[in-house]
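In what follows, a single structure is set out as structure tokens and then discussed.
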Amino acid sequence: MTTTTAPTRPRDPVLRAAARMARLNLRLFAWFWVVVVTAVVLGVVVLWRVDGEVGTAVSLYTRQGVVWFPFSLAVLVVAAQLRVHVAAGRTRRTFVRASLAVAVGTGVAYAVVLQLLVLAERAVHDAAGWGWRIADPMLADESSPAGVLLAELVLFVVAANVSGLLVGVVYQRAPGWWGTLALPLTVGPLLGVAALLGGAGGDAPVARTWSAAAPPLLGGAALVVVMAVAYAAVTRTVEIRQRTA
């Protein structure tokens, strides 16, 4: 008796490309959080030994690092992988879809881990009888409804990742000073998201209700979509020069 095996279905090229990008991001993600958690623990211990208590959310002082570290990785993803991807016979559309999927996925992951770190620190504060407040609030502070801080973090980090992709591809399209001169257009939308969330200086529009949080969150999401569309459009125009020996 003979048996037949069903042919294996070829793996989706977008999934393959995304998996390659995600593997690199995962290693750096792990090391990043080892450093951040260590720094937060040391910060809490030092403040406790100096002042006798800790009244602010030390973990949220790492927010800028959580935004700009993945931003820089997104720039490098385009610089290091777009040429190789196309030279291997794969399409720019596949690269765009995979890189955007990874940008969103890693953005959510960074935001969720920071939110968990904030919750863990708050539990320590409560157990020790310390106060708790967010010293540099953007959209959310300690009195905001549950979930607003996470929504703020997800939007900000995803926006940074997509902006990083746009910066990277514009430098591939217009190297050197031209890419630098385009930074107001490539990073500007990210700064717009920060402004909507209250991170551009001045009095932060802290949201006490979800109805108050919705307009800046939706406005920021619209800017992310604009950056993603611009990234896809520019990627289609990048000339891939084959290197000759």
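Residue numbers (the numbering used here): 34 to 278.
The beta carbon of each residue, even a glycine, is placed where N, CA and C say it ideally should be.
List the whole-angstrom C-beta distance separating G201 from V110, where the pair is believed to meet the contact cut-off of C-beta under 8 angstroms.
7 angstroms
State the DSSP-derived secondary structure class of T219, mapped to helix, strand or coil.
helix
What's the call for G85, buried or exposed, on a 16-neighbour Cβ count within 10 Å?
exposed
Could you tell me whether the Cβ atoms of V119 and F189 are closer together than 8 angstroms?
no
Alpha carbon to alpha carbon, how far is A51 from V87? Give it in angstroms, no decimals.
41 angstroms
So the candidates are V239, L230, G221, A246; which of them puts its Cα closest to the Cα of G280?
Past the edges of the chain, shown from 34 to 278, lies residue 280, and the structure says nothing about it.
By a C-beta neighbour count over all protein chains shown, 10 Å radius and 16 as the cutoff for buried, is I167 buried or exposed?
buried
Identify which residue in A192, L218, W64, L172 has its Cα closest to the Cα of V267.
Scanning A192, L218, W64, L172 for the CA closest to the CA of V267 turns up L218.
Look up R123 in the DSSP assignment and say whether it is helix, strand or coil.
coil
Which value, in whole angstroms, describes the spacing of the CA atoms of L186 and G162?
27 angstroms
Would you mind reading off the limits of the alpha helix (DSSP H) that contains V191?
181-206
Under 8 angstroms by Cβ, that's how I've got A193 and F104 pegged, so tell me the actual separation to the nearest angstrom.
4 angstroms
For V135 and A265, which I take to be in contact (beta-carbon distance under 8 angstroms), what is that distance rounded to the nearest angstrom?
Contact doesn't hold; Cβ gap of about 14 angstroms is too wide.
Which one of G164, T71, V191 has the shortest CA to CA distance from V290?
Outside the displayed range of the chain (34 to 278) lies residue 290, so it cannot be described from this structure.
My guess is that A142 and F62 are in contact by the Cβ rule of under 8 angstroms, so how many angstroms apart are they, rounded?
7 angstroms
Which of helix, strand or coil does DSSP assign to R166?
strand
Give the secondary structure of T242 by DSSP, where H, G and I count as helix, E and B as strand, and everything else as coil.
In the structure shown, T242 sits in coil (DSSP, three-state: anything other than H, G, I, E or B).
From which residue to which residue does the alpha helix (DSSP H) around A50 run?
Segment 46-84, the alpha helix (DSSP H) holding A50.
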